[in-house]
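Scroll down for the structure; my scribbles are underneath it.
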Amino acid sequence: MNLDIAEGEFFALLGPSGSGKTTCLRLIAGFEQPTSGSVVIFGEDATRVPPYRRPVNTVFQDYALFPHLNILDNVAYGLMVRGEKKAARRQASEEALSLVALAGFGGRKPSELSGGQRQRVALARALVLKPKVLLLDEPLGALDLKLREQMQTELKALQRRLGITFIFVTHDQGEALSMADRVAVFDRGHIQQIGAPQNVYDRPETPFVADFVGSSNVLPAHLVAQLIGETAPASLRPEQIHLTSADGKLSGKVIGSAFLGAATRLELDVEGNSLSVLLPKAASVPELDSTVHLTWDKDALHVMRGPDV
Amino acid sequence: MHSKATLGLKVAAMCGLLFLHLPILLIFVYAFTTEDKSYQWPPPGLTLQWFGVTWNRPDVWEALGLSLRVAAISTVIAMVLGTLCAAAVARFRFFGRETISLLVILPIALPGIITGISLRSAFNIADIPFSFWTIVLGHATFCIVVVYNNAVARFRRTSSSLVEASMDLGATYFQTLRFVIMPNIATALLAGGMLAFALSFDEVIVTTFTAGQQQTLPIWMLEELVRPRQRPVTNVVALLVVLVTFVPILAAYYLTRGTETVAGQGK
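Going down the list, the sequences are from chains A and B.
For reference, each letter of the first sequence is one residue, going 11 to 319 in my numbering.
For reference, each letter of the second sequence is one residue, going 5 to 271 in my numbering.
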């Protein structure tokens, strides 16, 4: 695989567990050695450089705060091993703590902090060293929904303010789409697609991307051939399908429906393929086992010609 | 949920505890008896003279010195080897890892007499004369186990990402060892070392097979018991042994309790 990340970019590595996204991050951090290939950081080959000499810092999934040190010493750790003077590292650490809205917490132990606070400490500990690249390994995975949404906004704002490169690993496609400037979608050790969130969402290049990013319908090649005469699978977003009275492009039988609050999701059987349709709240919901006719705008059907097809 | 124990259960528990610990109290009482040929209950009179007698017996001092030296050196050996072994088993995956872990623990599961006999015949075959060092070697075999067990549990409870975090923040291997690994395993090592010291200090069986002419304190006591001369001296020494072994075990207990949660793993 080949991955180029630009300076100052908020880049997300998105994929299910075991897809190689964390390994990719660990290669950049230096915890794993590539069997072949190389890692280049800001034009310098870093393949054989040990983690402690790379200009990158990591926010770990379990935060990895040192339990025997207080918060201030945790944040100051990187400066301490670099041999900075005590007064200087104290000042820098307190600044970093106020950057993550934890000023005055320096005297406490990690065990006395909540999950969200520990996460911020881990962030401050990495940022105090002014890395060129910040690596974040599922940093929001252990937080509850409300806190996670708040941290997403804060992380994004922080990255804009500092202007350093953030490389962010996540399995949550919503998180990746809302925060990142660009996304790389991983599956089974391969990058399926790299692009801006909008692009990846609207124009998936492989069936995996279509399904993983926003659960799109994947129409098999023979069905696409019937519709537009091209033999390749195509992606069709559930929210872009409309019900029509007759003469639709496809028709199918309703096999299930689920009320989602803002919309209703219909599960259809179309010539043996399952297809889901998202109905706006105002629309009337057809009965089970009834036959419905489907239509969509011409652009909605996106033919996929990615490497996996 | 707590439920009240019945009276019968309470009495049974008390009896059990008394049965376990009364004999130890008896030993202490005999240290003060005026009768020196046989153990007679109740003691005909109480005296402190045996403490003075013990103080002036060079054989007691010799045995005590030997025991302390053996315990100290076996503990040091056990701490170095046990910690290294625990680090390897807890941190890395390699061929034969489970086997090594089992083999290290085996000496404590094996009856001491087996360890003793096998060591003795091994020393004989290798033509090694019995000395201070053969005793130390014998003791080190089971001292490693307690250090290893303590250290391996702590290593497993210490999140491995702590080491990575340290290196990520710019610390070299040596700095990581000094500032992150050592502070996190120090109490476990100390506890393991103290248990090892206590185990070595009162060991009899392996020592009888690996010692030459020297007598460690427990061996000296065993010899004293068959000789009806100044018997209460043995009891005075017993009191001393209990103190020497009990203090480190108690300290080890206090050092390792309250560390149930995984260090650096809290969310």
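We treat Cβ as the ideally placed atom computed from N, Cα and C, and that holds for glycine.
For A:R135, at least one C-beta of chain B is nearer than 8 angstroms to its own C-beta. Taking C-beta atoms as the reference points, A:L89 and A:V131 fail to come closer than 8 angstroms. Listed as beta-bridge partners of A:R275 by DSSP are A:A268, A:L288. At the C-beta level, B:V156 and B:A242 stay beyond 8 angstroms of one another.
Among the residues facing chain B, A:H78 is included, as its CB has a counterpart in that chain under 8 angstroms away. Chain B places no beta carbon closer than 8 angstroms to that of A:V49, leaving this residue out of the contacts.
Remark: C-beta atoms of A:F52 and A:P60 do not approach each other more closely than 8 angstroms. DSSP, reduced to helix, strand and coil, places B:F99 outside both helices and strands of the structure shown, so it counts as coil.
For the stretch 58 to 75 of chain A, the beta-carbon criterion of a distance under 9 angstroms to any beta-carbon of chain B is satisfied by P60, P61, Y62, R63, R64, V66, N67, T68, F70, Q71, D72, Y73, A74, L75. Contact between the stretch 190 to 209 of chain B and the stretch 250 to 258 of chain B is established, with three or more Cβ pairs separated by less than 8 angstroms. DSSP places A:Q203 in the uninterrupted beta strand (DSSP E) bounded by 200 to 205. Residue state for A:L24 is assigned as strand, using DSSP reduced to three classes. Going by DSSP, B:W137 is part of the alpha helix (DSSP H) stretching over 136 to 161. Around the C-beta of B:W54, 16 or more other C-beta atoms lie within 10 Å, and the residue is accordingly described as buried.
A distance below 6 angstroms between beta-carbons, with the five flanking residues on each side excluded, links B:L24 to no residue of its chain. Nearest Cα to A:F76 within the set B:T162, B:N239, B:L221, B:S204: B:T162. DSSP places A:D191 outside both helix and strand once states are collapsed to three, so it counts as coil. Chain B has a Cβ within less than 8 angstroms of the Cβ of A:R92.
Between the stretch 72 to 79 of chain B and the stretch 135 to 148 of chain B there are three or more C-beta pairs closer than 8 angstroms, enough to call the two in contact. Excluding residues up to 5 positions away in sequence, P111, I112 lie with their Cβ nearer than 6 angstroms to the Cβ of B:F146 in the same chain. Distance between A:A235 and A:F218, taken at the CA atoms: about 20 angstroms. Under the DSSP definition of a beta bridge, A:E42 lacks any partner. Nearest in C-alpha terms to B:R231, of all of B:L194, B:K41, B:T37, B:L26, is B:K41.
Of the candidates A:S300, A:D279, A:R275, A:R275 places its Cα closest to the Cα of A:P290. Against chain B, the beta carbon of A:F115 has no neighbour under 7 angstroms; the closest one sits roughly 15 angstroms away. The DSSP assignment places complete alpha helix (DSSP H) segments of no fewer than 4 residues inside the stretch 167 to 251 of chain B at 177 to 180, 186 to 205, 209 to 214, 221 to 230, in order along the chain. Taking every protein chain shown into account, the CB of B:P48 has fewer than 16 other CB atoms within 10 angstroms, so this residue is exposed. A:Q203 is classed as buried because its beta carbon has at least 16 other beta carbons within 10 Å across all chains shown.
Following the DSSP letters along the chain, one finds B:N128 inside the alpha helix (DSSP H) bounded by residues 116 to 129. When the Cα atoms are used, B:L107 and B:A91 turn out to be separated by approximately 16 angstroms. A direct Cα-Cα distance of roughly 20 angstroms separates B:G216 from B:L229. DSSP lists no beta-bridge partner residue for B:N60.
Bridge pairing for A:S261: A:H303 [DSSP]. Within chain B, the residues placing a beta-carbon under 8 angstroms from that of A:L139 are L173, G174, ordered along the chain. The beta carbons of A:R135 and A:Y87 sit closer together than 8 angstroms. With respect to A:V223, A:V210 sits close: the two C-beta atoms are nearer than 8 angstroms.
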